[in-house]
Amino acid sequence: MSVQKPQRRLTAPDITARKGGEPIVSLTAYHAHTAAIADDHVDFLLVGDSLGMVMHGFESTLPVPLELMITHGRAVMRGAARALVVVDMPFGSYEESPAQAFRNAARVIKETECGAVKLEGGARMAETIRYLSERGIPVMAHIGLTPQSFNVMGGFKTQGRTKDQWQALEDDAQAVSEAGAFALVLEAISAPLADRLTQAVPIPTIGIGASAQCDGQILVMEDMLGLSPRVPKFVKKFGMVGAAIEGAIKDYAQEVKARSFPAEEHTYGMKD
Ligand code: KIV
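Okay, structure coming up:
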């Protein structure tokens, strides 16, 4: 008989409670196996809409449909038992009105059983963040470089490089925090401004290309594994998985061509 206790999954309030404490570790995840591998080492997994580019080869995140987020969200929930799973709301699924956002976010929560959603935008999304939070949906906010707005931002650029840009981002951080966001992603924000925002808001800031002084960090898993063909400058490759995959495939191809695979003793069945 197993005496193992079922694992308690971290929640949005657990993440909020880490403000100013031990740094929060997070990664994106899009499928069950990598989610299971990461589960013991991260506090939350984000099913980011970056999956459109990383997994499906789109040029941007804009074409990603809600159904795709739900499919990958369910896979990650099946893989991870301990980490909070946050699912991104894709472009067009929440901006129209708080009611539209609630309808789609509720679908994400019901169909994936994830613990929270993330959406992009600062002050302009505050009303929606409040609407969702007050109706039982924890929201992670995301400001700075918001890839869903790259057409109006004119590309992927660091935000807050000059001090005249700071006030708008400070207003964004305050607005989403006051509206009830449980955490705040700061993407591609200059380090001095990211530090200032981290000190200014009572919710954890999660940096990506921002500052080591944020309350936590997130990276796209495939980028830090060395699997993505191109990565932003700030990304450190903690692995060389792309090269390892290519090496393994070359070895396999060689063995197939030499008729040395499968080996004579090979029998069908699963290895332990
Ligand atoms: O979609 C995503 O992966 C994200 C992270 C980069 C924060 O939003």
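Okay, so the sequence shown: first residue is 0 according to numbering that gives the first Met the number 0, each after it adds one.
Each residue gets a CB set at the ideal place from its N, CA and C atoms; glycine is no exception.
Exposed unless 16 or more other CB atoms sit within 10 angstroms - verdict on residue i
{"i": "ILE36", "result": "exposed"}
{"i": "LYS156", "result": "exposed"}
{"i": "MET88", "result": "buried"}
{"i": "VAL255", "result": "exposed"}
{"i": "GLN253", "result": "exposed"}
{"i": "HIS71", "result": "buried"}
{"i": "ASN150", "result": "exposed"}
{"i": "LYS249", "result": "exposed"}
{"i": "PRO228", "result": "exposed"}
{"i": "SER259", "result": "exposed"}
{"i": "ARG102", "result": "exposed"}
{"i": "TYR29", "result": "buried"}
{"i": "GLN198", "result": "exposed"}
{"i": "ALA247", "result": "exposed"}
{"i": "ARG195", "result": "buried"}
{"i": "ALA11", "result": "buried"}
{"i": "MET273", "result": "Beyond the ends of the chain as shown, which are 0 and 271, falls residue 273; an answer cannot be given."}
{"i": "GLN147", "result": "buried"}
{"i": "LYS117", "result": "buried"}
Presumed contact (8 Å Cβ cut-off) between residue i and residue j, rounded CB distance
{"i": "GLY114", "j": "PRO137", "result": "7 Å"}
{"i": "LYS236", "j": "GLY225", "result": "4 Å"}
{"i": "ALA174", "j": "TYR130", "result": "About 14 Å; that fails the 8 Å criterion."}
{"i": "ALA16", "j": "GLY78", "result": "The pair is not a contact, with the Cβ atoms about 25 Å apart (cut-off 8 Å)."}
{"i": "CYS213", "j": "ILE205", "result": "6 Å"}
Member of the options whose CA lies at the smallest distance from the CA of residue i
{"i": "ASP42", "options": "ARG8, LEU61, ALA174", "result": "ARG8"}
{"i": "ALA140", "options": "TYR93, ARG160, VAL255", "result": "TYR93"}
{"i": "ALA172", "options": "GLN147, ASP194, VAL200", "result": "VAL200"}
{"i": "GLY135", "options": "TYR251, VAL107, PRO146", "result": "VAL107"}
{"i": "ALA80", "options": "SER148, VAL116, SER49, HIS32", "result": "HIS32"}
{"i": "PHE90", "options": "ARG129, ARG77, LEU50, GLU110", "result": "LEU50"}
{"i": "GLU46", "options": "SER259, GLY143, LEU218", "result": "Sequence check: residue 46 is Val here, not Glu. Checking every option, the nearest Cα to that of VAL46 belongs to LEU218."}
{"i": "GLY215", "options": "ARG102, LEU61, VAL175, ALA182", "result": "ALA182"}
{"i": "GLY208", "options": "GLY238, SER189, MET220, GLU110", "result": "SER189"}
{"i": "ALA74", "options": "ALA174, ILE128, GLU112", "result": "GLU112"}
{"i": "GLN6", "options": "ASP38, GLU126, ILE14", "result": "ASP38"}
{"i": "ALA98", "options": "ILE14, GLU126, ALA122", "result": "GLU126"}
{"i": "LEU44", "options": "GLU186, VAL230, VAL24, VAL63", "result": "VAL24"}
{"i": "GLN158", "options": "GLU133, GLY143, ALA257", "result": "GLY143"}
{"i": "PRO191", "options": "MET152, THR161, GLU66", "result": "THR161"}
{"i": "ARG123", "options": "SER96, SER132, ASP13", "result": "SER96"}
Any non-hydrogen atom of the ligand KIV within 8 Å of residue i CB
{"i": "ALA20", "result": "According to the sequence as given, residue 20 is Gly; it is not Ala. GLY20: no, Cβ never under 8 Å from the ligand KIV."}
{"i": "LYS117", "result": "yes"}
{"i": "PRO62", "result": "no"}
{"i": "ASP214", "result": "no"}
{"i": "LEU183", "result": "no"}
{"i": "THR161", "result": "no"}
{"i": "LYS47", "result": "Position check: residue 47 holds Gly in this sequence, whereas Lys was assumed. Because some heavy atom of the ligand KIV lies under 8 Å away, the Cβ of GLY47 counts as near it: yes."}
{"i": "ASP87", "result": "yes"}
Counterpart residues of residue i in DSSP-defined beta bridges
{"i": "PHE186", "result": "Reading off the sequence shown, one finds Glu at residue 186, where the question assumed Phe. In the DSSP output, where bridge partners are listed per residue, GLU186 has GLY143, ILE207."}
{"i": "ALA115", "result": "VAL85"}
{"i": "ALA43", "result": "The residue you asked about is not Ala; residue 43 is Phe in the sequence shown. Partner(s): SER25, LEU83."}
{"i": "VAL138", "result": "VAL116"}
{"i": "ILE20", "result": "One detail in the question is off: residue 20 reads as Gly in this sequence, not Ile. Answer is none; GLY20 lacks a bridge partner."}
{"i": "GLY215", "result": "ILE23, ILE205"}
{"i": "GLN272", "result": "Nothing can be reported for residue 272: it is not among the residues displayed for the chain, which extend from 0 to 271."}
9 Å Cβ cutoff, residue i in contact with chain B
{"i": "THR15", "result": "No chain B is part of this structure, which consists of one protein chain only."}
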